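According to the UniProt record's numbering, the stretch in the sequence shown is residues 1 to 98, in order.
All residues carry an ideal CB built from backbone N, CA and C; glycine is no exception.
The structure presented is a predicted model; accordingly, all values stated were derived computationally and were not measured.
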Amino acid sequence: MSNDVVMTHPDDLELNKRIRGQLSQDPFTPIQIEKRYRHKKGYTLIAQLNIAADVNEAGGVHHFVSQIVDMSAMRKSHAAELLMNHMVKKMLRCYLCR
């Protein structure tokens, strides 16, 4: 992702709390989830959040390490592929019905 600032979508704040709670309870199991973020320019983007807990010597969570991967291009590509497949099937049906 670029250096653009992103923030959690307001509707996903509770989800953030649950993720951190889950990692605090089980810090050795990283989490991967798709969630919404608000770009600094105001639009919403869907991203994959990869997050893991960094554990201190006492076994407690020291902090969280996360990676945010913008899924916009992948979703657009997938939607275009679905549309193309639909159109090809439709054309084949029309061709076979002749």
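Item to complete: Apply the 10 Å Cβ neighbour rule to GLN47 and answer buried if 16 or more other Cβ atoms are within range, or exposed otherwise.
Response: Looking up residue 47 in the sequence shown gives position 47. Reading off the sequence shown, one finds Ala at residue 47, where the question assumed Gln. By the neighbour-count rule (16 or more Cβ atoms within 10 Å), ALA47 is buried.
| field | CA-to-CA distance, HIS78 to ILE68, given in whole angstroms | value | Locating residue 68 in the sequence shown gives position 68, counting from the first residue. Locating residue 78 in the sequence shown gives position 78, counting from the first residue. Cα to Cα, the separation comes out at about 19 Å.
- [ ] Please report how far the alpha carbon of GLU57 lies from the alpha carbon of ASP26, in whole angstroms.
- [x] Reading the sequence shown from its first residue, position 57 is the one you call residue 57. Reading the sequence shown from its first residue, position 26 is the one you call residue 26. If you take the alpha carbons of GLU57 and ASP26, they lie about 15 Å apart.
Q) Where does ASP12 fall in DSSP's three states? A) What you label residue 12 is simply residue 12 of the sequence shown in a count that begins at 1. Of the three classes helix, strand and coil, the one that applies to ASP12 here is helix, per DSSP.
Does the segment 6 to 18 come within contact of the segment 32 to 40, defined as at least 3 CB pairs closer than 8 Å? yes
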